[in-house]
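Novice: Read in order, the letters of the sequence shown are residues 1 to 105 in this note's numbering.
In this text, a Cβ means the ideal position worked out from N, Cα and C, and glycines have one as well.
I have a structure here, written as structure tokens, and I will follow up with some questions on it.
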Amino acid sequence: RPTICGECGKGFSRSSDLARNRITHTGERPFTCGACGKGFSQSSNLAAHRRIHTGEKPFGCRDCGKRFGEGSALVQHRRTHTGERPYRCGECGKNFSVSSNLRRH
Numbered sequence: 001r002p003t004i005c006g007e008c009g010k011g012f013s014r015s016s017d018l019a020r021n022r023i024t025h026t027g028e029r030p031f032t033c034g035a036c037g038k039g040f041s042q043s044s045n046l047a048a049h050r051r052i053h054t055g056e057k058p059f060g061c062r063d064c065g066k067r068f069g070e071g072s073a074l075v076q077h078r079r080t081h082t083g084e085r086p087y088r089c090g091e092c093g094k095n096f097s098v099s100s101n102l103r104r105h
């Protein structure tokens, strides 16, 4: 049976998911970076942030070997090899590989 959040009404089958959701309502940031003091609501976000300080780049392109600190950056980079342009302008039909380029257009 799902547990319902009293704040937003969303249902969660795991108590850990409910706890993570509660933090979005309180604004609590219990995970703090030891290098710069920045706070995060989730430990996974802190782990990704730490790579800024360490320079770790665990995500590698299988085509050219270029490495990235974030998986999303690798996904974006891969489009240089595949030619994928998933973001389309509704007015002129031009396609873009990065959503920010579509917004700027």
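Compare the beta carbon distance of residue 85 and residue 69 with 7 Å and say whether it is the shorter of the two.
Specialist: Not closer than 7 Å, so no.
Novice: Which of helix, strand or coil does DSSP assign to residue 9?
Specialist: In this structure, residue 9 counts as coil in the three-state DSSP scheme.
Novice: Using C-beta distances below 8 Å, list every residue in its chain close to residue 31, excluding the 5 sequence neighbours before and after it, in chain order.
Specialist: Around residue 31: 39, 40, 41, 42, 43, 45, 46.
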